[in-house]
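Notes follow once the structure below has been shown.
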Amino acid sequence: AQTVTQSQPEMSVQEAETVTLSCTYDTSENNYYLFWYKQPPSRQMILVIRQEAYKQQNATENRFSVNFQKAAKSFSLKISDSQLGDTAMYFCALTGANSKLTFGKGITLSVRP
Amino acid sequence: KAGVTQTPRYLIKTRGQQVTLSCSPISGHRSVSWYQQTPGQGLQFLFEYFSETQRNKGNFPGRFSGRQFSNSRSEMNVSTLELGDSALYLCASSVPSPHMNTEAFFGQGTRLTVV
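Going down the list, the sequences are from chains X and C. Position one of the first sequence corresponds to residue 4 (my numbering), numbered consecutively onward. Position one of the second sequence corresponds to residue 2 (my numbering), numbered consecutively onward.
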């Protein structure tokens, strides 16, 4: 079975600062993908960033980057230069051969002006 | 390119009734998955359809069912509604690789309230 754990229920960050959201996972598969999704108050799930397990290089997308530690099964998201529009719930997710997404419980991020 | 469209956006039903939710995937996407989101249980996988066949199923009772049409549009049905079925139901579409879905695009969801 696959599991995803996000132990921090909520975080707050000052606008323009950097924040890191933590995620750990467990899977017995060798080939899998990890994702961070953002869910703003509109409830639309938006893909923030994706990491392929067999790639050692950490993925980056503009202000968003990940720290992927495969041996430790850790997948954290770093948001640089935080903006008010980053306020949302963030979910860490994992998919493997069965194609289903397994989500963590999510973390509520608030960006303070 | 149009995104994933879910209808209706909001629904209020009475216990014991049944409900059908619809999902139109992004053009060209043949895989459609459904998820239930509740404050207590978080996001849980219901099922996935690919080329009109159910490819994967989550741990939900048989009251939850779905289907996919030849144009890849999907419907999910919940019969004999219970109060605990109140949730946001999310649909996601993707272009699957031979072995897994590498990126899922979500609709805005259908908010179902059972009274």
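Idealized CB from N, CA, C, for every residue including glycine. No experiment lies behind these values; they were computed from the predicted model shown.
Under the three-state reduction of DSSP output, D29 (chain X) falls in the strand class. Close to L50 (chain X), with beta-carbon spacing below 9 Å, are these residues of chain C in chain order: E104, A105, F106 and F107.
In the three-state reduction of the DSSP assignment, G85 (chain C) falls in the helix class. A straight line joining the alpha-carbon of K73 (chain X) with that of W39 (chain X) spans about 16 Å. Note that the stretch 16-25 of chain C touches the stretch 76-84 of chain C; at least 3 beta-carbon pairs, one per stretch, sit closer than 8 Å. For N57 (chain C), the CB contacts under 6 Å within the same chain, skipping 5 residues up- and downstream, are E49 in chain order.
Residues of chain C with a Cβ closer than 9 Å to the Cβ of G109 (chain X) are, in chain order, G43 and L44.
For E55 (chain X), the enclosing beta strand (DSSP E) starts and ends at I49 to E55. Beta bridge pairing from DSSP links K76 (chain X) with no other residue. When C-alpha distances from T6 (chain X) are compared across X:S113, X:E18, X:G109 and X:I82, the shortest belongs to X:G109. G99 (chain X) sits in coil when the DSSP states are folded into three classes, being neither helix nor strand. The C-alpha of L82 (chain C) lies about 12 Å from the C-alpha of P62 (chain C). The beta-carbon of N72 (chain C) is placed no less than 9 Å from the nearest beta-carbon of chain X. For I110 (chain X), the uninterrupted beta strand (DSSP E) run begins and ends at I110 to R115, by DSSP. By the rule that beta-carbons nearer than 9 Å mark a contact, T105 (chain X) touches chain C. The beta carbon of A96 (chain X) sits closer than 8 Å to the beta carbons of V7, L37, F38, W39, Y40, L104, T105, F106 and G107 from its chain, once the five residues preceding and following it are set aside; these are given in chain order.
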